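To keep things clear, I will list the structure first and then write my remarks on it.
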Amino acid sequence: MSRTALLVVLAGATALVAPHQARAATANEIALEARLERLEAEMAALQGELASARAEGTARLAALESKPPAEGLRDGNTTIRIGGYLKLLATQSAFSEGEVANNALGRDFYLPQQIPVGTGPSSRVQDFTAKQTRLWLNFASDVAGHAVRGYLETDFQAAAGTQGTQRTTNAYNLALRRAFLQIDRWTFGEDWTTFQYTGALPESTDYIGATEGTVFVRQPLIRYSAPLSKAVTLHLALENPESGTISAGTGTMVENGKDHMPDLAARLVWSEGRAELSLGLLARQVRTESAAGISATAGGYGASLGGRLFLNGKKSADLRFMATYGRNIGRYVGLNFAPDAVYVAASNRLEHVDVLAALAALRVPLAARLRLNLIGSYQSVAYADGLAPAAISGMNKRAFSGAVNLFYSPVNNIDLGLEYRHGEREVVSGASGALDRIEFAAKYNF
Numbered sequence: 088m089s090r091t092a093l094l095v096v097l098a099g100a101t102a103l104v105a106p107h108q109a110r111a112a113t114a115n116e117i118a119l120e121a122r123l124e125r126l127e128a129e130m131a132a133l134q135g136e137l138a139s140a141r142a143e144g145t146a147r148l149a150a151l152e153s154k155p156p157a158e159g160l161r162d163g164n165t166t167i168r169i170g171g172y173l174k175l176l177a178t179q180s181a182f183s184e185g186e187v188a189n190n191a192l193g194r195d196f197y198l199p200q201q202i203p204v205g206t207g208p209s210s211r212v213q214d215f216t217a218k219q220t221r222l223w224l225n226f227a228s229d230v231a232g233h234a235v236r237g238y239l240e241t242d243f244q245a246a247a248g249t250q251g252t253q254r255t256t257n258a259y260n261l262a263l264r265r266a267f268l269q270i271d272r273w274t275f276g277e278d279w280t281t282f283q284y285t286g287a288l289p290e291s292t293d294y295i296g297a298t299e300g301t302v303f304v305r306q307p308l309i310r311y312s313a314p315l316s317k318a319v320t321l322h323l324a325l326e327n328p329e330s331g332t333i334s335a336g337t338g339t340m341v342e343n344g345k346d347h348m349p350d351l352a353a354r355l356v357w358s359e360g361r362a363e364l365s366l367g368l369l370a371r372q373v374r375t376e377s378a379a380g381i382s383a384t385a386g387g388y389g390a391s392l393g394g395r396l397f398l399n400g401k402k403s404a405d406l407r408f409m410a411t412y413g414r415n416i417g418r419y420v421g422l423n424f425a426p427d428a429v430y431v432a433a434s435n436r437l438e439h440v441d442v443l444a445a446l447a448a449l450r451v452p453l454a455a456r457l458r459l460n461l462i463g464s465y466q467s468v469a470y471a472d473g474l475a476p477a478a479i480s481g482m483n484k485r486a487f488s489g490a491v492n493l494f495y496s497p498v499n500n501i502d503l504g505l506e507y508r509h510g511e512r513e514v515v516s517g518a519s520g521a522l523d524r525i526e527f528a529a530k531y532n533f
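Add 87 to the 1-based position in the sequence shown for our numbering, that's all there is to it.
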């Protein structure tokens, strides 16, 4: 074949093949572009998911950082919390009619029954102590659908025990204050008596604040608490019995330990909005035995009305009060300022003792971290008419006190308090004495 003919044949073949190759190339490009578009869409979706996950993680981290730390420690199904406060107390006390022994309770806090009476020389003393430091443990569990709680509270003030010398160690015994368990509505253990409304206790540098005017007892008990409505709760309890009596002609209080029946206590509490009211009732038997084993008994009863009225919406200002009356209930009021009863050996009888007590405290904020407290407290004791005045001449008849304090909290959990208190005590004979005390307290609550 000539060269010209071959070229013609090749040209014709090329013309026949080229259109098919062009069409194939176009189809491949379209497929490739489609795949690229799908990949781009998948990448965009993946980037969106990553951005969403990153934003969600950031939000969770921010929420965790802003969330307050969980309180307490976890041990299995139980949450354990520790708390309390560290407290330093410095007092300057002036007694008008005598001295109070070193390391006596009347030097640690206001105890009217230890105010000297009569015509003794006046005295002035300075005391520092940290024994009112308090520690508590709180245990909370959910067991088989039941709310179970345990509570343990101690300090170094409540027990006399073996005390450290102020010259060197100043070491003091750890003392039990409260120890109880709660199962749903039941309480078993040592707690404030059901007869007491603790909400009336004033804010004070003192250990109690209004000793003669308040119901004040901690003791073992069995208590049932029944909510009657959203605002009303009824508490019923059997509590540890103990009879503190004085024999006519003596001035010594005797803790008899001869009781046969538990004390019966009830308290009705109403709380709503800016007010809380409490009505406590008490029924008991006072019992003692002579050296010959012959017993003497007397019934006892009492009622106590307490409350707290909040004076502003923030509840930073309030009025607290309590009024108590009863017969043969001396150990429940004012740390046994009056005896439960007076024992007359000649007739083997327990003669009754009536007690009337009251307190009021006003708390007023003066600035964001500064507040003022005004406190007044009173107790009057009436003995059975059949008792000869000479036989009870040294027994307590009346006590009252007034206090004013300022508390400053420079930072959260720190309280600095300065208080002035005047208190007086009178016995049946008419002898009396007074206490004037300036007190500074520094406390760290945790």
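Backbone N, C-alpha and C define an ideal beta-carbon position, used for all residues, glycine too. Nothing here was measured: the structure is a model prediction, and the numbers come from that model.
Rounded separation between residue i and residue j - CA only
{"i": "L133", "j": "R161", "result": "41 Å"}
{"i": "S488", "j": "Y465", "result": "7 Å"}
{"i": "M409", "j": "S358", "result": "16 Å"}
{"i": "A109", "j": "L119", "result": "Residue placement at A109 is flagged as unreliable, the pLDDT there being 49, under the threshold of 50; a coordinate-derived value is accordingly withheld."}
{"i": "P184", "j": "T216", "result": "Rather than Pro, the amino acid found at residue 184 in this sequence is Glu. Going from the Cα of E184 to the Cα of T216 covers about 24 Å."}
{"i": "E363", "j": "L355", "result": "11 Å"}
{"i": "V260", "j": "E526", "result": "Note on identity: in this sequence residue 260 is Asn, with Val being the wrong assignment. So the alpha carbons of these two residues sit roughly 23 Å apart."}
{"i": "S403", "j": "R361", "result": "11 Å"}
{"i": "V491", "j": "L505", "result": "9 Å"}
{"i": "R450", "j": "N532", "result": "19 Å"}
{"i": "E513", "j": "L321", "result": "38 Å"}
{"i": "T166", "j": "D229", "result": "10 Å"}
{"i": "G251", "j": "Q244", "result": "12 Å"}
{"i": "P307", "j": "M348", "result": "14 Å"}
{"i": "W279", "j": "Y419", "result": "11 Å"}
{"i": "N415", "j": "A425", "result": "9 Å"}
{"i": "N499", "j": "V341", "result": "45 Å"}
{"i": "E290", "j": "F303", "result": "15 Å"}
{"i": "Y470", "j": "L369", "result": "20 Å"}
{"i": "N164", "j": "A227", "result": "8 Å"}
{"i": "N483", "j": "Q200", "result": "7 Å"}
{"i": "R254", "j": "N189", "result": "12 Å"}
Same chain, Cβ closer than 6 Å to residue i, five either side skipped, listed in chain order
{"i": "D293", "result": "F196 and Y197"}
{"i": "L503", "result": "Y495 and A529"}
{"i": "R371", "result": "D350 and G387"}
{"i": "R395", "result": "G286, E363, D405 and R407"}
{"i": "A105", "result": "Its pLDDT being 48, under 50, A105 is placed unreliably by the model, and the measurement read from it follows with that caveat. Same-chain partners within the cutoff: there are none."}
Close-in-space but distant-in-sequence residues of the same chain around residue i (CB under 7 Å, 5 per side omitted)
{"i": "D523", "result": "A181 and H509"}
{"i": "E186", "result": "P203 and S210"}
{"i": "E158", "result": "R168"}
{"i": "Y507", "result": "A490, V491 and I525"}
{"i": "N423", "result": "G331, M340 and G417"}
Own chain, CB closer than 8 Å to residue i, minus 5 neighbours either side, in chain order
{"i": "A318", "result": "W357, S358 and E359"}
{"i": "A335", "result": "V429, Y430, V431, A432, E438, L474, A475, A478 and I479"}
{"i": "N343", "result": "E329, S330, G331, T332, R374, T375 and E376"}
{"i": "H233", "result": "I270 and D271"}
As assigned by DSSP and simplified to three states, the class of residue i
{"i": "S183", "result": "coil"}
{"i": "M130", "result": "helix"}
{"i": "P314", "result": "strand"}
{"i": "E438", "result": "strand"}
{"i": "R414", "result": "strand"}
{"i": "T292", "result": "coil"}
{"i": "D427", "result": "coil"}
{"i": "L503", "result": "strand"}
{"i": "R374", "result": "strand"}
{"i": "L261", "result": "coil"}
{"i": "G300", "result": "helix"}
{"i": "N190", "result": "coil"}
{"i": "I202", "result": "coil"}
{"i": "S391", "result": "strand"}
{"i": "N115", "result": "helix"}
{"i": "R272", "result": "coil"}
{"i": "S139", "result": "helix"}
{"i": "R508", "result": "strand"}
Nearest to residue i (by Cα), restricted to the options the options
{"i": "F275", "options": "A297, V235 and P289", "result": "V235"}
{"i": "N225", "options": "Y238, G232, A231 and D214", "result": "Y238"}
{"i": "L443", "options": "T411, P328, P199 and S291", "result": "T411"}
{"i": "L446", "options": "V440, I462 and R456", "result": "I462"}
{"i": "A246", "options": "A128, T256, A378 and A262", "result": "A262"}
{"i": "N327", "options": "G338, L192, E277 and S519", "result": "E277"}
{"i": "G380", "options": "F267, N435 and V440", "result": "N435"}
{"i": "R221", "options": "R264, G193 and N190", "result": "R264"}
{"i": "Q283", "options": "S365, A448, N483 and G135", "result": "S365"}
{"i": "Q219", "options": "L323, D242 and G207", "result": "D242"}
{"i": "R456", "options": "P497, P314, R485 and A188", "result": "P497"}
Any C-beta of chain B under 8 Å from that of residue i
{"i": "E143", "result": "Here there is only one protein chain, and chain B is not present."}
message = For a minimum of 3 consecutive residues, which ranges assigned as the beta strand (DSSP E) are wholly contained in the segment 318–342?
response = Segments of the beta strand (DSSP E) lying fully in the segment 318–342: 319–326, 331–334 and 340–342.
ask   = Curious, which full-length beta strand (DSSP E) runs of at least 3 residues does the segment 436–494 contain?
value = 436–454 and 457–470
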